[in-house]
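Note sheet for the following structure.
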Amino acid sequence: MQDSEQDRGADAVVAALRDAGVEIVFSLSGNQIMPVYDALFGSGIRLVHTRHEGAAVYMAEAYAQVTGRPGVALITAGPGFANGLSAAWSALCSHTPILVLSGDAPAKRAGHGAFQEMDQTAFAAPAVKASFRPTSAAALEQDVRRALELTTEGRHGPVHLALPDDVLRAPAGAAGVASPVVPAAAATAQAPTGTDLATIRAALDAAERPIILAGPMFRRAARKPHLAAFMAASGLPAIALESPRGLRDPRLGAFVDVLPEADLIITLSKPLDFMVGFAEPPAVAAGCHMIQVSLDADTMARDRNRLTDRDIQDVAACPAATLAALATSAKPHASAPAWRDRVLAAVAHRPAAWAEDATRTERIHPVTVCNAIRLLLDRHPEAVLVIDGGEFGQWSQACLDTSASVINGASGAIGGGIPYAIAAKAARPDEPVFVMMGDGTAGFYLAEFETALRNSLPIIAIIGNDARWNAEHQIQTRDYGANRTHSCELSPTRFDQVIAAMGGHGEYVTSADGLAPALERALAANTAACINVEIEGLAAPVVRLDS
Ligand SMILES: Cc1ncc(C[n+]2csc(CCOP(=O)(O)OP(=O)(O)O)c2C)c(N)n1
Ligand SMILES: [Mg+2]
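Sequential numbering of the sequence shown, starting at 0, is according to numbering that gives the first Met the number 0.
See the structure below:
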């Protein structure tokens with residue numbers, strides 16, 4: 000400890016993290032946050048040092064999703080902070096609780112043009128739930144503790160703290176009375192009132208085909224069982240949405256075909272946004288009664304005010320607590336289980352033709368790759384499966400699921416897959432972690448393979464390589480014509496060789512027969528591995544009841 004003999008602001012930051020039970024900080028270093036690196040010595044908190052700030056923030060997001068506890072990223076000022084913002088916005092869209100700590104220029108030099116000075120809170124504002132810049136070392140411990148609490152207060156999401164360099168180095172105990180800048184978090188989640196529950200129960204009784212649409216939080220391992228318990232008790236369908244394709248998420252099969260039949264939709268922390276076709280026809284019937292259950296009053300008001308001619312009620316209560324209360328008191332609904340079975344059959348629907356199609360392509364069909372992965376997931380039911388974007392990612396979504404899955408989420412950002420997998424492995428070191436992604440997507444954070452190797456976090460990446468930004472190629476073909484596609488071709492990169500050169504395990508698969516043995520070798524290698532599969536570049540799957 001060189002900056003001062005006493006505890007510094009940086010020590011206060013680390014004390015708050017440690018006391019909150021934080022086990023890992025994902026970080027990329029820089030001048031202003033050096034005191035925090037120093038303070039981490041002896042704290043028991045693991046530091047995973049990444050190759051890009053975006054990766055550190057994506058790692059915090061996946062860590063939170065897999066563990067159910069807030070993830071923490073620590074990045075430097077100016078460009079480092081800006082590099083992390085896109086990933087912070089992903090966590091905002093996926094309702095994931097993360098704390099983003101960034102270094103900042105000295106507070107006493109505010110407005111003087113200090114190195115990397117930037118109005119961080121203004122820059123962060125649209126990308127996070129809340130952003131603050133504490134200026135007192137004495138209040139820093141409280142500020143960090145409160146910021147962590149805020150990540151799970153109301154709708155879960157990212158909270159940002161800009162930490163001025165001089166505040167991190169200043170003695171934490173010497174400043175006398177100091178007021179924290181982060182407001183107090185609400186003590187408890189708001190339970191639904193008896194009136195709230197009576198409103199919902201009455202609506203359920205009056206409806207013929209009610210359904211619950213839940214937000215991405217209900218896809219997480221910790222909350223999935225709540226949906227299942229409600230379905231079991233009531234006999235009604237409850238579906239969680241987390242994909243940027245919304246109702247057309249291939250994981251939801253032909254769900255889009257049955258939702259318009261619903262006459263009551265109860266949303267649980269699921270805004271009536273693009274993911275649900277703005278709750279307008281044809282996605283949702285015009286006469287459908289809707290009840291929104293959320294702690295995000297602003298978003299509920301936004302949606303209700305837009306849909307003024309619709310029958311919408313708001314319930315300002317914790318969605319998880321509301322669901323639990325409904326599950327314990329539910330009795331089988333009059334329409335159950337026929338309506339539920341119809342919805343679940345639509346969700347499970349996949350075109351029968353895929354099996355045969357998969358044998359006909361010249362290069363390996365994405366479904367064939369997925370079938371090989373499924374055998375491994377059957378053997379390792381606790382494995383984590385990460386799926387990133389692109390058409391290959393959509394095929395993976397259609398074919399694969401596990402109890403612990405992480406996808407690129409409602410932001411629609413591609414590229415976070417490798418960092419997601421690394422964080423999932425840090426959270427679950429005893430389980431295999433697979434990440435499926437396209438060759439374009441793989442390029443975003445390929446250097447993080449070195450992070451995986453350096454930190455002994457053996458992930459297995461399956462790259463569906465069609466030497467193309469295929470999703471973009473498909474859009475150009477569809478919207479402008481087959482003779483007006485350009486600039487989507489990529490080199491057929493030997494990712495396996497790149498990873499082997501880094502010191503990891505590489506496999507190059509050019510035939511369906513080669514898939515299973517390559518996967519077995521990668522598992523046995525117990526090091527970060529890349530399976531580079533030459534796939535057929537197909538359009539993302541479309542699943543409809545008549546397909
Ligand atoms: C951060 C970000 N940049 C760009 C895009 C647009 N985008 C979506 S899919 C895609 C192509 C992905 O290509 P690849 O990973 O090779 O998968 P493929 O579609 O070829 O299977 C692009 C560029 C995006 N969604 N997110
Ligand atoms: Mg591709």
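Where a beta carbon is used, it is the ideal one built from N, C-alpha and C, also for glycine.
Q5 carries a coil assignment under DSSP once its states are collapsed to helix, strand and coil. A distance criterion of 6 Å places the beta-carbon of R68 beyond contact range of ligand 1, judged by its closest non-hydrogen atom. Under DSSP, F433 forms a beta bridge with L384 and I459. The Cβ neighbour count for D118, taken over all protein chains shown within 10 Å, is under 16; the residue is labelled exposed. Separation of the CB atoms of A126 and A87 is rounded to 5 Å, and the pair is thereby assigned contact status at 8 Å. Relative to F80, the option among K107, E116 and H48 whose CA is nearest is E116.
Here F443 is buried. Its C-beta has 16 or more other C-beta atoms within 10 Å. The shortest CA-to-CA distance from L73 to any of V13, I461, S93 and R303 is the one to V13. A straight line joining the alpha-carbon of A352 with that of A539 spans about 15 Å. G29 and V497 have their C-alpha atoms roughly 27 Å apart. With a 10 Å radius around the Cβ and a threshold of 16 neighbouring Cβ atoms, Q291 comes out buried. Under the three-state reduction of DSSP, Y444 is assigned to coil, being neither helix nor strand. Residues of the same chain with a CB within less than 6 Å of the CB of A206, apart from the 5 flanking positions on each side, are D262 and L263 in chain order.
Scanning A104, P350, C398 and Q473 for the CA closest to the CA of A371 turns up C398. Residue burial is scored here from C-beta neighbours: T327 has fewer than 16 other C-beta atoms within 10 angstroms and is therefore classed as exposed.
Boundaries cannot be given for I44, as no alpha helix (DSSP H) includes it and DSSP labels it neither H nor E. Between E390 and N469, the C-beta spacing is below 7 Å. In the DSSP secondary-structure assignment, L98 is bridged to V71 and V158. For K223, the CB contacts under 8 Å within the same chain, skipping 5 residues up- and downstream, are F217, A239 and S402 in chain order. Ranked by Cα distance from I211, the options A169, E152 and A323 are led by A323.
The continuous stretches of beta strand (DSSP E) do not include P350, and DSSP gives it neither H nor E.
For D248, the shortest C-beta to heavy atom distance toward ligand 1 is 6 Å or greater. DSSP places A315 inside the beta strand (DSSP E), whose first and last residues are I311 to A315.
The Cβ-Cβ distance between R244 and V255 does not fall below 7 Å. Around the Cβ of H51, a 10 Å sphere holds 16 or more other Cβ atoms; the residue is buried.
Nearest neighbour of I363 by Cα position, chosen from H225, I534 and Y479, turns out to be I534. Annotation: H225 is outside any beta strand (DSSP E); the continuous alpha helix (DSSP H) that includes it extends over K223 to S233.
Buried is the label assigned to S233, since at least 16 other Cβ atoms lie within 10 Å of its Cβ. According to DSSP, residue pairing for R467 in a beta bridge involves E488. For E506, the uninterrupted beta strand (DSSP E) run begins and ends at H504 to V508, by DSSP. DSSP, reduced to helix, strand and coil, places I413 outside both helices and strands of the structure shown, so it counts as coil. Comparing alpha carbon positions, the residue from M436, Y479, P428 and L445 closest to S455 is P428.
Judged by their CB atoms, S293 and S268 are nearer to each other than the 7 Å cut-off. No residue range can be given for C287, since it is assigned to no alpha helix (DSSP H) and is classified by DSSP as neither H nor E. In this structure, the beta-carbon distance from M58 to P418 falls below 7 Å.
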